[in-house]
Amino acid sequence: MSSAVSIGPAHDSPIGTTLERHLLDRQRRMSEATGDFTGLFQQISLAAKIIGSRVSKAGLSGILGLTGTTNVQGEQVQKLDDFANNTIVSVVEAGGHVCVMGSEEVEEPIQIPSQYPQGKYVLQFDPLDGSGNIDINASIGTIFSIHRRLTQDGTPGTLKDLLQPGGDIVAAGYVIYGSSNMLVYSTGDQVDGFTYDPGVGEFFLSHPKIRIPKRGGIYSINEGNYHKWDEGVRKWVDWIKAPSENKKAYSLRYIGAMVADLHRTLLRGGIFVYPRDVKNKQGKLRLLYEACPMAFLVEASGGTASNGKTRILTIEPKELHQRTPVFMGSPDDVADALRFAGS
Ligand code: FDP
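When we follow our numbering, the leftmost residue of the sequence shown carries the number 6, and every step to the right adds one.
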């Protein structure tokens, strides 16, 4: 899906560039494009609008709070997580563009019901990332990635289609539900951000060709876990917050929703880290639908994404809900962190 040609309108449009127009421009520049990818993306954008609308009314419509059930990660599922998951599945399954889906909220691969066509793409998503923020009106988000299927066309997709490395992602993105809602996506060549205009009901291009600064001034990590980290991570945090002759002390910002912390990191630079610790020996964040899509975006914007040892995008997944440590952000900041904490 990636192309050397930069995507965008040929000339300024008086109404701005909608996400739909951006996608259609891309499709027209690719001779082999069938419209499948554009169709799938339009469904994701529809799901994002529905989820965003419900998120903004969450307090009013009585869907805040816990459902009382637990998800496959052993966390309590909140009603909005269920809503977001069900919305994506029901919008996408009938569209004929995907053959299987993987979701943080569902233990097994999500099959496409037999009455619908089995498409050529594979969708993985975290329907509502940062769910700890739901009840306090802080930013949350949806993360997604798209791969081409590996199994035979026309047949139901399988786990094999889902267990693909991030390096084979065709497109990835996130939606942040914050002071405004934004959809940020990449097909590998550039990263573009679209802000939702609720009056019009459309996402408009607001942040074209996002480039992460080479170095930032912010580190983002749950420092309450300090005593649980490996020594290298502790030494790096001691170093980064201490002023020295060569550098100022970095500021700490941690919202506790990966989408929100990485959105800031993409725009402002700096580093976001969730390392392994004594409780989360493989890290906490999920490889396939959190770390890989975000690593794809960070790299496409000029940044670095590592698990401490290797590029996240080169990890061969073994399980659908696999976890990984993450060190992501401005290339110089990640290089510094890996000097201390890389293993
Ligand atoms: P949450 O559990 O609230 O859904 O996906 C996991 C995640 O949020 C990330 O979005 C976030 O960066 C991280 O966990 C926060 O974890 P801690 O509370 O352990 O810092």
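All residues carry an ideal CB built from backbone N, CA and C; glycine is no exception.
Here THR39 is exposed. Its C-beta has fewer than 16 other C-beta atoms within 10 Å.
One alpha carbon belongs to LYS233, the other to GLY146, and they sit about 27 Å apart. Counting along the chain, the unbroken beta strand (DSSP E) around PRO132 starts and ends at 126-134.
Within the region 166-245, the runs of beta strand (DSSP E) at least 3 residues long that lie entirely inside it are, in chain order, 176-182, 186-191, 196-202, 207-212 and 223-225.
In this structure, ARG220 keeps its C-beta atom at 9 Å or more from the C-beta atom of ASP134. With a cutoff of 8 Å, LEU290 counts as near ligand 1, since its C-beta is closer than that to a heavy atom of the ligand. Using a Cβ distance threshold of 9 Å, ALA177 and MET299 count as a contacting pair.
For THR43 and GLU236, the gap between their C-alpha atoms comes out near 46 Å. For HIS326, the secondary structure class from DSSP, reduced to helix, strand or coil, is coil. In the same chain as GLY124, and ignoring 5 residues on each side of it, the C-beta atoms closer than 6 Å to its own belong to GLY101, HIS102, VAL103 and CYS104, in chain order. Under the DSSP assignment, SER108 falls in the beta strand (DSSP E) whose first and last residues are 103-108. The criterion of a C-beta distance shorter than 9 Å is satisfied by ARG328 and ARG291. Look at which beta carbons fall closer than 5 Å to any heavy atom of ligand 1; those residues are ASP134, GLY135, SER136, GLY137, ASN227, GLY261, ALA262 and MET263. Excluding sequence positions up to five before and after LEU271, its CB lies within less than 8 Å of the CB of VAL189, VAL196, ILE215, ILE217, LEU302, VAL303, SER306 and GLY308, all in the same chain and listed in chain order. The three-state secondary structure of GLY308, taken from DSSP, is coil. A residue is called buried when at least 16 other Cβ atoms come within 10 angstroms of its Cβ; GLN169 meets this threshold and is buried. THR147 has VAL180 as its beta-bridge partners, per DSSP. In the structure shown, LYS54 falls within a helical segment according to DSSP collapsed to helix, strand and coil. Between LEU155 and LEU45, the C-beta gap is not smaller than 9 Å, which leaves the two residues out of contact. In the DSSP annotation of this structure, MET263 is not part of any beta strand (DSSP E); the continuous alpha helix (DSSP H) holding it starts and ends at 263-273.
Residue pairing from DSSP leaves PHE46 without any beta-bridge partner. For LYS240, the CB contacts under 7 Å within the same chain, skipping 5 residues up- and downstream, are PHE345 in chain order. Note on geometry: alpha-carbon atoms of SER211 and GLY198 lie some 6 Å from one another. Taking all protein chains in view, the Cβ of PRO118 is surrounded by fewer than 16 other Cβ atoms within 10 Å, so the residue is classified as exposed. Less than 9 Å separates the beta-carbon of GLY275 from that of TYR255. Per DSSP, reduced to three states, the secondary structure at TYR121 is coil, with no helix or strand assignment.
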